[in-house]
Amino acid sequence: MSGGQLSVAEAAKALGVHPQRVHQRIREGSLPAQKVGHQWVVQLSDLRRIEHHAGPGRPFSAKSAWDLLAVAAGDKEASRLSPSARSRARSRLRKLLAEASSDDLDEAVALLMNALRNRAERVLFVAAPRDLPDICEDARVHLSGVSLPASNLSGGSVAEGYVARVDVDDLIEHHLLSPADHWRANVIMHVVPSWANHLALDDAARSPLALAADLAEHDGVREKNEAVRAVARLRAQLDGADHA
C-alpha cells in the first residue's frame, strides 16, 4: 500500500510475525489501525513505534505474571503462593520495578507492556455512553486502569476492568457490547485465563502493578506518566517494608 500505510500482511512481514499476531495487537489496542473497506490498515509510523519499543527480553508467562500481581497486591494475596513461588515472584518484581524506573518514558512503559502482557487478553468494545456506569457497577467487572481513582484519570468516559473468561459472553449480551477498534472503544476488558478464576481479581486489579501495566497499554502521555508513577509508588512501598 502507499501513503505510509501498510496492510496487515505487510505489517506482519515487516515485524517478522504471523498476520494473526498483528490482528491480536489491533484487537488489544497496542497497534492502532483503521478499517479501510474490508481490511485493516496500519500507519508506518505506528509500526515503527512498535518495532522500536517492542520491549527487551521475554514476557513472563501468565502464571508468573499473576504471581507478581499477587505479591504486588499485598501480604494477603502473596500468602496464596507457595514459599518458593512467593520468593521468586518478589525477586522478579524488584528487578522489573528497577528496570521500569528508566528516565525514558517510552522505554519504561514498553518494558511493562512486554513483561506483563500475558496476564490477560486486552479486548476492546464500544457501549452506549449512558450504559458505562452500569458496566462499572457490574460485579463481574473488576475495575482497573483508567477506571480507578488511583489512576488520576478516572472521568467516566471509559470502563476498564479485569473479567473472568467465563463471564465475557454474558457481559457482551447483557450490556449490548460491540467489538470496537482502537479509536471507538470505550470499554476495555482484560480477560483473565480460565485457570485464574479463583484469584481475588478485585485485589489484583487494584494493585499498583496492575495499574501500571494497564495504563502503559494506553497511547496517551498522561496515562504513561501515571504508569511510571505507579511503579515508583510500588517500589517505595516495597523499600519501606524492607526497612520496617
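Counted the way UniProt numbering counts, the sequence shown spans residues 1 to 244. The beta-carbon is built from N, C-alpha and C at its ideal position, and this holds for glycine as well. These numbers come from a predicted model, not from an experiment.
Taking the Cα positions, Ser61 is about 20 Å away from Val22. Residue Arg184 holds the alpha-carbon nearest to the alpha-carbon of Ala127 among Leu234, Arg184, His142, Ala232. A Cβ-Cβ distance of about 12 Å is found for the pair Leu81 and Ala72, leaving them out of contact under the 8 Å criterion. Beta-bridge annotation (DSSP): Val41 is paired with Ser7, Gln34. DSSP, read as helix, strand or coil, puts Ala110 in helix.
Three or more beta-carbon pairs drawn from the segment 144-152 and the segment 203-215 are found closer than 8 Å, and the two stretches are therefore classed as touching. Taking Arg119 as reference, the option from Asp46, Val109, Ala210 with the minimal CA-CA separation is Ala210.
Within the segment 157-224, the complete beta strand (DSSP E) runs of at least 3 residues fall at 159-164, 187-192.
By a beta-carbon distance limit of 8 Å, Gln5 does not contact Leu31. Their separation comes to about 13 Å. Per the coordinates, the alpha-carbon of Ala230 lies some 32 Å from the alpha-carbon of Asp170. Rounded to the nearest angstrom, the gap between the Cα atoms of Asn186 and Val158 is 5 Å.
Assignment of Val22 by DSSP, reduced to helix, strand and coil, places it in the helix class. Apart from the 5 residues on each side of it in sequence, Asp67 sits with its Cβ closer than 7 Å to the Cβ of Leu81, Ala85, Ala89 in its chain, given in chain order. With a contact defined as Cβ atoms closer than 8 Å, Arg235 and Leu97 qualify at about 5 Å. In this structure, DSSP gives Leu238 a helical state, which the three-state scheme calls helix. When Cβ pairs closer than 8 Å are counted between the two stretches, the segment 126-141 is seen not to touch the segment 91-110, the count staying below three. Beta-bridge pairing by DSSP links Phe125 to Pro179, Val187. A direct Cα-to-Cα measurement between Arg27 and Asn152 gives close to 26 Å.
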